[in-house]
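The block underneath contains the structure these notes are about, expressed in structure tokens.
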Amino acid sequence: MIQGFSSTFTGERRPKEDGIFEALGATDELSCAIGLAREFCIDQGHAFTEELEKIQCVLQDVGSNIATPQSSARQSHIKKTMFSGHPLSDLERWIDKYTEELPPLTNFILPSGGKSSAALHVARSVCRRAERSVAPIVRSGEVDAEVAKFLNRLSDYLFTVARYVAMKEGNRETVYRRPE
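In the working numbering, the protein residues as written are 187 to 366.
Structure follows, in structure tokens:
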């Protein structure tokens, strides 16, 4: 019999449609999307795939923080699942590194540029959804604000690396043109 409730890391029972579980599902889906993109990038021999793996590991930490609502967490829970802002500095460094090699963006582009690039664009859009699902629970004080900052910069990283992959693979990015 389905009860319609699940437990957080703290043992608190909440409805399955609670914002905590929505955010957990979105970050899990994000890790899956990154994993798929990573497989395409491995097939193409891209060196940055270790960054994607590291990001997937950080997303596990994001999920732990989300699964530990502050309103029901004891100090021992908080200590185990605290999310540090350290991964943000990695993202910033990587974004800068790839941006230096890219031509300036002068038009809107559509998700394109080959399978690796398109898969990274899918991951970027899933990341934006995860960010939207985390925002209300961060605002309510249930989740560390660093989680939202990480997801925000992660979507920028995924956009940048999608463009970088298209360039490295010699694939053309499709420029948006207003339909006539």
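Glycine included, each C-beta is placed from N, C-alpha and C at the ideal position.
TYR362 burial status per 10 Å Cβ neighbour count (16 or more: buried): exposed
In chain order, what residues of the same chain lie with their CB nearer than 7 Å to the CB of GLY356, ignoring the 5 residues before and after it? The answer is none, since no qualifying residue turns up.
On the DSSP bridge assignment, give the partners of VAL333 in chain order. According to DSSP, which records beta bridges pairwise, VAL333 is partnered with nothing at all.
Quick one: grab the DSSP three-state call for THR254. Judged by DSSP in its simplified three-state form, THR254 adopts coil rather than helix or strand.
Mind checking LYS354: buried by the 16 CB within 10 Å criterion, or exposed? buried
Excluding the 5 residues flanking ALA305 on each side, which residues of the same chain have their C-beta closer than 7 Å to its C-beta? LEU222, ALA223, PHE226
Just the C-alpha distance for VAL324 and ASP229, rounded to the nearest angstrom, thanks. One Cα belongs to VAL324, the other to ASP229, and the distance between them is close to 37 Å.
Would you say the beta carbon of GLU366 comes nearer than 7 Å to a heavy atom of the ligand SAM? Only the bare structure without any ligand can be found here, which leaves the ligand SAM out of the picture.
Which value, in whole angstroms, describes the spacing of the CA atoms of PRO273 and ARG318? Taking the straight line from one Cα to the other gives about 20 Å.
So, do the region 249-256 and the region 209-217 have three or more beta carbon pairs nearer to each other than 8 Å? Short answer: they touch.
When you compare the region 337-356 with the region 291-309, are there three or more beta-carbon pairs, one atom per stretch, that lie closer than 8 Å? yes
How many whole angstroms separate the CB atoms of ALA309 and ALA233, which I take to be in contact at a CB cut-off of 8 Å? Actually they do not touch by this definition, with Cβ atoms about 18 Å apart.
Helix, strand or coil for THR360 per DSSP? strand
Whose C-beta lies closer than 7 Å to the C-beta of PHE269 among residues of the same chain, with five residues either side of it excluded? ASP247, VAL248, ASN251, ASP330, GLU332, VAL333
For THR292, the first and last residue of its enclosing alpha helix (DSSP H): From DSSP, THR292 is part of no alpha helix (DSSP H); its letter is neither H nor E.
Between the alpha carbons of PHE294 and ASP342, how many angstroms are there, rounded? 15 Å
Note down, in chain order, each residue of its chain lying with its Cβ closer than 7 Å to the Cβ of LEU245, except the 5 sequence neighbours on either side. Residues of the same chain with a CB within less than 7 Å of the CB of LEU245, apart from the 5 flanking positions on each side, are THR213, LEU216, SER217 in chain order.
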